[in-house]
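Student:
2 protein chains.
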Amino acid sequence: MGTSLNRVEEEDYSSYTNSSDFISISLEDNNNTTKTATSTSKSSSELHPVCLPPHVTTWQKLNHRLREIFFPDDPLHIFKDQSWRRKLVLAFQYVFPILRWAPHYSLSLFRSDLIAGLTIASLAIPQGISYAKLANLQPIIGLYSSFVPPIVYSVLGSSRHIGIGPVSVASLVMGTMLDGEVSHSNKKDLYLELAFTSTLFAGLFQASLGIFRLGFIIDFLSKATLIGFMAGAAVIVSLQQLKGLLGITHFTSDMELIPVLESVFNSIKEIGHLPKGVNPTSENKLYFHGPHLQLAIKTGIITGILSLTVSSLTLILKSFLTIVHGSFSRSAVNYNAGAKTIFSNIVMAATVLVTLLFLMPLFHYTPDFVLAAIIITAVVGLVDYKAALRLWKLDKLDFVACCCSFFGVLFISVQIGLAIAVGVSVFKIILHVTRPNTVVLGNIPGTQIFRSLNHYENATRVPSFLILSIESPIFFANSLYLQERISRWVRGEENRIRENNESALKCVILDMTAVTAIDTSGIDAISELKKNMDKRSLQLALVNLVGTVMEKLHQSKTLDSFRSKGLYLTVGEAVDDLSSSWKHWP
Amino acid sequence: MGTSLNRVEEEDYSSYTNSSDFISISLEDNNNTTKTATSTSKSSSELHPVCLPPHVTTWQKLNHRLREIFFPDDPLHIFKDQSWRRKLVLAFQYVFPILRWAPHYSLSLFRSDLIAGLTIASLAIPQGISYAKLANLQPIIGLYSSFVPPIVYSVLGSSRHIGIGPVSVASLVMGTMLDGEVSHSNKKDLYLELAFTSTLFAGLFQASLGIFRLGFIIDFLSKATLIGFMAGAAVIVSLQQLKGLLGITHFTSDMELIPVLESVFNSIKEIGHLPKGVNPTSENKLYFHGPHLQLAIKTGIITGILSLTVSSLTLILKSFLTIVHGSFSRSAVNYNAGAKTIFSNIVMAATVLVTLLFLMPLFHYTPDFVLAAIIITAVVGLVDYKAALRLWKLDKLDFVACCCSFFGVLFISVQIGLAIAVGVSVFKIILHVTRPNTVVLGNIPGTQIFRSLNHYENATRVPSFLILSIESPIFFANSLYLQERISRWVRGEENRIRENNESALKCVILDMTAVTAIDTSGIDAISELKKNMDKRSLQLALVNLVGTVMEKLHQSKTLDSFRSKGLYLTVGEAVDDLSSSWKHWP
Chain A
1 MGTSLNRVEE EDYSSYTNSS DFISISLEDN NNTTKTATST SKSSSELHPV
51 CLPPHVTTWQ KLNHRLREIF FPDDPLHIFK DQSWRRKLVL AFQYVFPILR
101 WAPHYSLSLF RSDLIAGLTI ASLAIPQGIS YAKLANLQPI IGLYSSFVPP
151 IVYSVLGSSR HIGIGPVSVA SLVMGTMLDG EVSHSNKKDL YLELAFTSTL
201 FAGLFQASLG IFRLGFIIDF LSKATLIGFM AGAAVIVSLQ QLKGLLGITH
251 FTSDMELIPV LESVFNSIKE IGHLPKGVNP TSENKLYFHG PHLQLAIKTG
301 IITGILSLTV SSLTLILKSF LTIVHGSFSR SAVNYNAGAK TIFSNIVMAA
351 TVLVTLLFLM PLFHYTPDFV LAAIIITAVV GLVDYKAALR LWKLDKLDFV
401 ACCCSFFGVL FISVQIGLAI AVGVSVFKII LHVTRPNTVV LGNIPGTQIF
451 RSLNHYENAT RVPSFLILSI ESPIFFANSL YLQERISRWV RGEENRIREN
501 NESALKCVIL DMTAVTAIDT SGIDAISELK KNMDKRSLQL ALVNLVGTVM
551 EKLHQSKTLD SFRSKGLYLT VGEAVDDLSS SWKHWP
Chain B
1 MGTSLNRVEE EDYSSYTNSS DFISISLEDN NNTTKTATST SKSSSELHPV
51 CLPPHVTTWQ KLNHRLREIF FPDDPLHIFK DQSWRRKLVL AFQYVFPILR
101 WAPHYSLSLF RSDLIAGLTI ASLAIPQGIS YAKLANLQPI IGLYSSFVPP
151 IVYSVLGSSR HIGIGPVSVA SLVMGTMLDG EVSHSNKKDL YLELAFTSTL
201 FAGLFQASLG IFRLGFIIDF LSKATLIGFM AGAAVIVSLQ QLKGLLGITH
251 FTSDMELIPV LESVFNSIKE IGHLPKGVNP TSENKLYFHG PHLQLAIKTG
301 IITGILSLTV SSLTLILKSF LTIVHGSFSR SAVNYNAGAK TIFSNIVMAA
351 TVLVTLLFLM PLFHYTPDFV LAAIIITAVV GLVDYKAALR LWKLDKLDFV
401 ACCCSFFGVL FISVQIGLAI AVGVSVFKII LHVTRPNTVV LGNIPGTQIF
451 RSLNHYENAT RVPSFLILSI ESPIFFANSL YLQERISRWV RGEENRIREN
501 NESALKCVIL DMTAVTAIDT SGIDAISELK KNMDKRSLQL ALVNLVGTVM
551 EKLHQSKTLD SFRSKGLYLT VGEAVDDLSS SWKHWP
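Residue numbers (full-length UniProt numbering), protein chains in the order written: chain A, 1 to 586; chain B, 1 to 586.
#1: Would B:F476 pass as an interface residue toward chain A - the criterion being a Cβ-Cβ separation below 8 Å?
#2: Would you check if the distance between the CB atom of B:L410 and the CB atom of B:I236 is smaller than 8 Å?
#3: Mind checking the segment 459 to 472 of chain B against chain A and listing, in chain order, the residues whose C-beta falls within less than 8 Å of any C-beta there?
#4: If you follow the beta strand (DSSP E) that A:G572 is in, where does it begin and where does it stop?
#5: Fully enclosed by the segment 493 to 576 of chain A, which beta strand (DSSP E) runs are 3 residues long or longer?
#6: Which stretch, first to last residue, makes up the beta strand (DSSP E) that contains B:T438?
#7: Roughly how many angstroms separate the alpha carbons of A:T548 and A:A517, rounded to a whole number?
#8: Over what stretch of residues does the beta strand (DSSP E) that includes B:S145 continue unbroken?
#9: Once you ignore the five residues that flank B:V439 on each side, which residues in its own chain have a CB closer than 6 Å to its CB?
#10: Using a Cβ-Cβ distance cut-off of 8 Å, determine whether A:G547 contacts chain B.
#11: What is the residue span of the alpha helix (DSSP H) that B:R390 lies within?
#12: Considering only the alpha carbon of each residue, which of A:V571, A:M177, A:A504 and A:V546 lies closest to A:L538?
#13: Hey, does B:S222 have any beta-carbon neighbour from chain A nearer than 8 Å?
#14: What whole-angstrom Cβ distance do B:V169 and B:L394 have, given they're in contact under 8 Å?
#15: Does the CB of A:V433 have a neighbour CB from chain B at under 8 Å?
#16: Taking Cβ positions, are B:V155 and B:I98 nearer each other than 8 Å?
#17: Could you tell me if A:V424 is buried or exposed, where buried requires 16 or more neighbouring beta carbons within 10 angstroms of its beta carbon?
#18: Are the Cβ atoms of A:A234 and A:V383 separated by less than 8 Å?
#19: Let's test the definition: count the other Cβ atoms within 10 Å of the Cβ of B:H184 and tell me whether it reaches 16, buried, or not, exposed.
#20: Here's the rule I'm using: 16 or more other beta-carbon atoms within 10 Å means buried, otherwise exposed. How should A:D12 be labelled?
#21: Would the beta-carbon of A:P150 fall within 8 Å of that of A:N345?
#22: Just the C-alpha distance for A:M230 and B:P463, rounded to the nearest angstrom, thanks.
#23: Residues of chain A with a CB under 7 Å from the CB of B:P97: which are they?
#24: Is there contact between the segment 482 to 491 of chain A and the segment 442 to 451 of chain A, where contact requires at least three CB pairs shorter than 8 Å?
#25: I think A:L371 touches A:K133, with their Cβ atoms under 8 Å apart; what is that distance to the nearest whole Å?
#26: Would A:Y131 pass as an interface residue toward chain B - the criterion being a Cβ-Cβ separation below 8 Å?
#27: Hey, how far is the Cα of B:S238 from the Cα of B:F369?
#28: For B:T197, which residues in the same chain have their Cβ closer than 6 Å to its Cβ, ignoring the five residues on either side in sequence?
#29: Along the segment 44 to 59 of chain B, where does the CB come closer than 8 Å to a CB of chain A? Name the residues.
#30: Expressed to the nearest angstrom, what Euclidean distance is found between the alpha-carbon atoms of B:H55 and A:N437?
#31: Can you round the beta-carbon distance between B:L567 and B:L540 to whole angstroms, since I take them to be within the 8 Å contact cut?
#32: Measuring straight from C-alpha to C-alpha, what distance separates B:L90 and B:G157?
#33: Could you name the residues of chain A that B:R488 contacts, counting a contact when the two beta carbons are closer than 9 Å?
#34: Kindly list the residues whose CB is nearer than 7 Å to the CB of B:A37, restricted to its own chain and excluding five residues on each side of it in sequence; keep chain order.
#35: Using a C-beta to C-beta distance shorter than 7 Å, which residues of chain A count as neighbours of B:E68?
#36: Which residues, taken in chain order from the segment 522 to 542 of chain B, show a beta carbon closer than 8 Å to some beta carbon of chain A?
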């Protein structure tokens with residue numbers, strides 16, 4: 001600390017001694033937690049010291065980063081500072097959320113849940129039958145999906161709003177993908193085996209996403225691309241169903257449409273008489289060997305992602321609470337019907353079970369076109385043209401992403417459409433990083449505030465200064481661009497000054513507030529830039545370096561060349577200090 | 001403007017009237033370029049108005065964005081404000097840079113260039129022969145590459161430092177890729193045709209990158225991944241050459257190594273007697289039909305990217321001027337030998353031509369192990385372990401990217417190695433965007449400056465406020481994460497307050513300076529967040545919205561809910577205004 005206390009008090013070097021001493025102090029006692037930044041800085045007129053952030057080990061950084069990637073929601077926070085007994089109770093409740101609400105269950109809650117459960121069941125039964133048709137499966141299998149999963153969910157699930165059951169898009173994708181390789185009409189048994197195996201893999205995939213905390217993979221399907229994807233899928237399904245709706249089945253003999261009524265009838269004859277209400281398990285129907293295993297796994301993963309995305313959208317997006325989306329219709333009905341707890345799911349499952357056991361014959365006479373109409377009604381809601389219009393209005397690139405996935409699904413294939421959707425979304429991010437904005441700042445008169453000249457028209461240029469705000473982290477993908485762009489700004493500013501006969505440019509200030517990260521290419525770019533400015537006899541000052549960026553620039557010794565009048569805490573202080581130092585020079 | 005001039009002057013609503021009126025003003029006259037921000041704001045105590053950026057049409061935005069993508073260096077700026085005659089001269093000079101320096105050429109320049117040219121030639125000749133061997137081609141073809149391209153470059157090129165010639169890594173990659181499908185020893189003619197076709201495609205690819213201004217594709221090969229890639233390639237080449245170096249050619253009969261001396265001798269007998277110094281052109285050797293065309297195109301594109309990357313690295317990175325890099329050895333020698341103009345390239349080409357015509361027999365007795373030694377010397381310099389160490393020190397993720405490409409090349413294949421390198425680089429960007437930092441800010445005592453509590457230890461928390469800085473654009477890939485993370489910050493702050501018996505949390509301020517872009521998912525996230533905070537009876541204020549972000553939030557009507565005490569220009573003003581408004585309430 002000796003040098004900083006006895007330091008030269010000459011005006012011209014205040015910034016130099018100030019910032020450089022400070023860096024050496026923090027270097028000397030990296031682990032000194034009681035560093036007194038104020039005491040060493042107070043003596044220098046109005047400048048506030050720029051200091052290095054406290055030292056953090058690589059292990060701490062890695063630990064922090066991994067925690068943010070895998071546990072962003074800090075799932076264990078409820079266990080903090082609890083007795084071990086309470087922790088045990090909480091852990092049980094964490095795994096079995098039913099333990100949370102079951103003890104407080106009352107008759108009035110039951111009444112609401114009963115009504116809600118019956119209401120969703122009335123929607124779930126025809127939907128189950130229709131969605132089974134989308135997946136080229138027997139209707140009864142669709143009903144099982146509205147019977148077993150809700151019961152499991154009522155024990156393990158946590159959201160009372162979600163109505164559990166098959167997802168139309170996932171059913172369609174499974175049907176299309178499997179049928180492409182194995183015909184559902186010619187090889188019925190193999191097709192059924194593949195369908196069972198796919199759903200098993202979908203479940204395994206979803207479970208492993210949960211266990212390994214990889215849910216963030218789903219973030220990569222942006223809402224914009226999903227809107228396009230859903231709309232494309234809806235158009236395809238509707239076109240397929242038009243045949244049924246118009247009763248032109250005799251026209252499509254080679255398409256081999258399943259006569260749904262017949263299969264309903266058959267299935268009643270085959271597994272309709274359930275022994276004591278429990279149907280035979282289907283583990284012997286799984287397909288683990290042979291040439292189609294890869295197809296089953298691929299189908300499983302894609303449908304797994306799709307159904308997860310649809311339900312996470314249901315949970316999170318506000319559109320769920322304000323607009324009744326077709327895709328989330330079951331959940332929306334559940335919500336509107338006033339479900340109070342997850343028990344509504346149990347009511348629904350019981351209703352479906354009763355249907356399976358006793359009411360199946362009633363569906364005997366459901367005509368093909370009724371099923372088609374149900375499907376079309378369900379999927380037409382997926383064409384959310386209002387949302388697409390909103391995208392066009394707000395974000396043209398989001399709209400392009402939406403269109404890409406829409407036409408991808410429509411004209412190429414469901415999987416390719418999905419891949420395009422993800423690709424466009426990622427490309428959007430890359431594009432933003434590759435060509436970041438650089439903004440010229442001006443002073444808002446009478447203040448120490450500096451804002452974009454373009455945005456705030458009362459902001460004015462500071463003579464002899466070019467103040468640029470870099471609006472992105474500096475990475476390999478933009479380090480060359482930023483160097484070129486900054487040179488261009490300097491060139492443009494010098495031209496402007498020459499034309500207007502203003503005082504010559506002396507200093508370029510980079511506001512680094514938005515440069516929240518830097519890599520080695522970025523570090524090289526900064527020191528290249530410094531050299532370039534030195535060659536043009538221009539001063540270069542960096543303002544408000546973020547902790548990690550500052551640390552890296554320091555470690556790479558790039559910061560050394562900025563110690564003399566090169567590092568400031570705010571743009572205002574940089575302008576004041578630099579312009580006052582020029583007054584002392586000829 | 002009427003409402004804003006006659007507005008209510010009550011203290012409690014100053015911010016509301018201030019910001020909301022301002023927005024409605026800019027809405028009414030979007031194209032009003034003389035908007036007087038100061039005149040309407042001065043009356044409200046110390047608050048500075050937050051206003052919408054001037055309106056920009058979609059077409060203007062698209063135009064700007066495309067220009068930044070394709071013309072970041074503003075290549076036509078030299079033509080600005082020139083007479084049409086001068087423009088013509090400049091255009092000729094732009095296409096043929098030789099016109100720029102040739103008129104001023106002098107004898108003293110020639111002397112420097114002569115020495116430099118002869119020096120590089122002495123390096124280029126053995127290098128040409130050796131690199132031809134890497135590509136499994138006859139040595140004489142390697143020499144042509146040091147004869148024709150330098151002449152072309154001296155007319156069309158612009159950098160006097162670059163020494164033109166084959167690139168070792170590109171030669172190796174071509175050799176490996178082609179030989180994997182067509183053996184160079186069994187099918188000599190087909191192999192030669194494919195090699196010619198590949199180089200043609202490499203050239204076409206590079207030219208089209210230039211014409212369509214797609215050079216930014218190369219930015220995606222980060223320096224870190226290239227260090228790993230080069231080192232991996234160097235190890236492979238060295239291992240291959242060890243056989244030659246140790247003279248164990250009898251050991252490798254089934255590897256079918258070309259006896260280089262023999263081919264040197266053969267080539268003199270075959271195309272060595274050049275008719276009047278001009279060799280027959282090879283357009284009849286091109287391969288445009290048949291099963292291997294795809295291979296030739298793929299090889300061409302990959303080698304094209306590689307050689308372009310190596311030479312752009314030569315031109316731009318500082319390592320060129322400070323350290324003599326092995327990979328850029330020719331350019332480095334050219335630079336060190338004192339080349340003054342591009343004419344040094346012509347001298348070199350002439351020297352190589354003389355060698356081709358008269359001195360070839362001298363190379364007759366160059367032993368195999370000498371060539372192997374040349375190759376190993378050249379490529380060992382590619383293993384830049386110091387650069388790798390620097391990566392480890394500065395940026396662990398860059399080091400991982402470097403290792404991935406190194407081991408990818410070494411253990412899988414050159415193309416896969418390259419693909420992994422690009423993949424890891426892109427993944428790095430995505431990771432940064434998916435899990436951005438959120439930083440708690442505190443006040444630096446006695447100032448209006450707010451900085452990270454963690455970085456600046458003299459910064460102190462402001463009671464009743466939680467001030468967060470979001471350090472990334474808000475995209476679909478992080479919108480859910482940020483919502484969760486901010487809730488977690490609020491929860492943590494409330495716990496901390498409870499433990500320390502401090503005054504209750506009343507307001508969350510988001511410093512949006514680093515949120516340089518937002519998409520539709522991000523917009524939804526902000527309005528979700530607002531609702532969440534409303535539910536917890538916490539105020540939410542946004543500070544320093546960047547132009548584009550502000551515009552989108554306004555268009556989507558999200559900004560409406562922030563009009564009352566929700567939008568500020570600086571954190572300091574937000575804190576002052578909000579806390580003074582609380583004093584008036586019970």
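We put the CB at the ideal spot given by N, CA and C, even for glycine. Since the model is a prediction, treat every value here as computed from it, not as a measurement.
Tutor: According to the structure shown:
#1: Against the second sequence, residue 476 of chain B aligns to sequence position 476. Output row for B:F476: interface = yes.
#2: Taking the first residue of the second sequence as position 1, residue 410 of chain B is located at position 410. Taking the first residue of the second sequence as position 1, residue 236 of chain B is located at position 236. A distance below 8 Å separates the beta carbons of B:L410 and B:I236.
#3: Across the segment 459 to 472 of chain B, CB contacts with chain A closer than 8 Å involve E471 and S472, in sequence order along the chain.
#4: In the first sequence, counting from the first residue as 1, residue 572 of chain A sits at position 572. Careful: A:G572 lies outside any beta strand (DSSP E), inside the alpha helix (DSSP H) at V571 to K583.
#5: 507 to 511 and 539 to 543
#6: Indexing the second sequence from 1 puts residue 438 of chain B at position 438. It spans T438 to N443 - the beta strand (DSSP E) in which B:T438 sits, taken as one unbroken run.
#7: Along the first sequence, read from residue 1 onward, the residue named residue 548 of chain A stands at position 548. Along the first sequence, read from residue 1 onward, the residue named residue 517 of chain A stands at position 517. Their Cα atoms are separated by approximately 7 Å.
#8: Walking along the second sequence from the start, residue 145 of chain B turns up at place 145. Note, B:S145: premise wrong, no beta strand (DSSP E); not H, not E.
#9: If you number the second sequence from 1, residue 439 of chain B lands on position 439. Hits under 6 Å: S452 and S469.
#10: Stepping through the first sequence from its first residue, residue 547 of chain A is reached at position 547. Yes, its Cβ sits closer than 8 Å to a Cβ of chain B.
#11: Numbered from its first residue, the second sequence carries residue 390 of chain B at position 390. Taken as a continuous stretch (DSSP letters only), the alpha helix (DSSP H) holding B:R390 covers Y385 to L394.
#12: Residue numbering aside, residue 538 of chain A sits at position 538 when the first sequence is read from its first letter. Answer by Cα proximity: A:A504.
#13: Here residue 222 of chain B refers to the residue found at position 222 when the second sequence is read from its first residue. At least one chain A Cβ lies under 8 Å of B:S222.
#14: For the purposes of this step, residue 169 of chain B is identified with residue 169 of the second sequence, where counting begins at 1. For the purposes of this step, residue 394 of chain B is identified with residue 394 of the second sequence, where counting begins at 1. That pair is no contact at about 24 Å.
#15: Counting from 1 along the first sequence, the entry for residue 433 of chain A is found at position 433. Judged by the 8 Å Cβ criterion, A:V433 is in contact with chain B.
#16: Taking the second sequence and counting its residues from 1, one reaches residue 155 of chain B at position 155. Taking the second sequence and counting its residues from 1, one reaches residue 98 of chain B at position 98. Yes, they are a contact pair.
#17: The count along the first sequence starts at 1 and reaches residue 424 of chain A at position 424. A:V424 comes out buried.
#18: As a working note, residue 234 of chain A is residue 234 in the first sequence. As a working note, residue 383 of chain A is residue 383 in the first sequence. Cβ distance < 8 Å, so A:A234 and A:V383 count as in contact.
#19: Position 184 of the second sequence, counting from 1, holds the residue named residue 184 of chain B. Its Cβ being crowded by 16 or more others within 10 Å, B:H184 is buried.
#20: Against the first sequence, residue 12 of chain A aligns to sequence position 12. Unreliable placement is indicated for A:D12, whose pLDDT of 33 sits below 50; the coordinate value is still reported in the next sentence. Classification for A:D12: exposed.
#21: Here residue 150 of chain A refers to the residue found at position 150 when the first sequence is read from its first residue. Here residue 345 of chain A refers to the residue found at position 345 when the first sequence is read from its first residue. Yes, Cβ-Cβ distance for A:P150 and A:N345 is below 8 Å.
#22: In the first sequence, the residue the question calls residue 230 of chain A occupies position 230. In the second sequence, the residue the question calls residue 463 of chain B occupies position 463. Their backbone Cα atoms lie some 47 Å apart in a straight line.
#23: For the purposes of this step, residue 97 of chain B is taken as the residue at position 97 of the second sequence. None at all; the shortest Cβ gap to chain A is about 19 Å.
#24: no
#25: Stepping through the first sequence from its first residue, residue 371 of chain A is reached at position 371. Stepping through the first sequence from its first residue, residue 133 of chain A is reached at position 133. Confirmed, about 6 Å.
#26: The residue you call residue 131 of chain A lines up with position 131 of the first sequence. No, A:Y131 does not count as interfacial toward chain B.
#27: For this step, residue 238 of chain B is matched to residue 238 along the second sequence. For this step, residue 369 of chain B is matched to residue 369 along the second sequence. Cα-Cα distance, rounded: 12 Å.
#28: For the purposes of this step, residue 197 of chain B is taken as the residue at position 197 of the second sequence. L286, Y287 and A296, listed in sequence order.
#29: H48, C51, P53, P54 and T58
#30: For this step, residue 55 of chain B is matched to residue 55 along the second sequence. For this step, residue 437 of chain A is matched to residue 437 along the first sequence. Note on geometry: alpha-carbon atoms of B:H55 and A:N437 lie some 17 Å from one another.
#31: Indexing the second sequence from 1 puts residue 567 of chain B at position 567. Indexing the second sequence from 1 puts residue 540 of chain B at position 540. So it is not a contact: roughly 11 Å between Cβ atoms.
#32: Along the second sequence, one-based indexing puts residue 90 of chain B at 90. Along the second sequence, one-based indexing puts residue 157 of chain B at 157. Cα to Cα, B:L90 sits roughly 15 Å from B:G157.
#33: In the second sequence, counting from the first residue as 1, residue 488 of chain B sits at position 488. Within 9 Å Cβ-Cβ: P72, D73, D74 and H77.
#34: On the second sequence, residue 37 of chain B is found 37 positions in, with the first residue counted as 1. Annotation note: pLDDT 34 at B:A37 (below 50); position unreliable, coordinate value reported separately. Once the five neighbours on either side are set aside, the close Cβ partners of B:A37 are P49 and C51.
#35: Here residue 68 of chain B refers to the residue found at position 68 when the second sequence is read from its first residue. Simply R435.
#36: I523, D524, S527, E528 and K531
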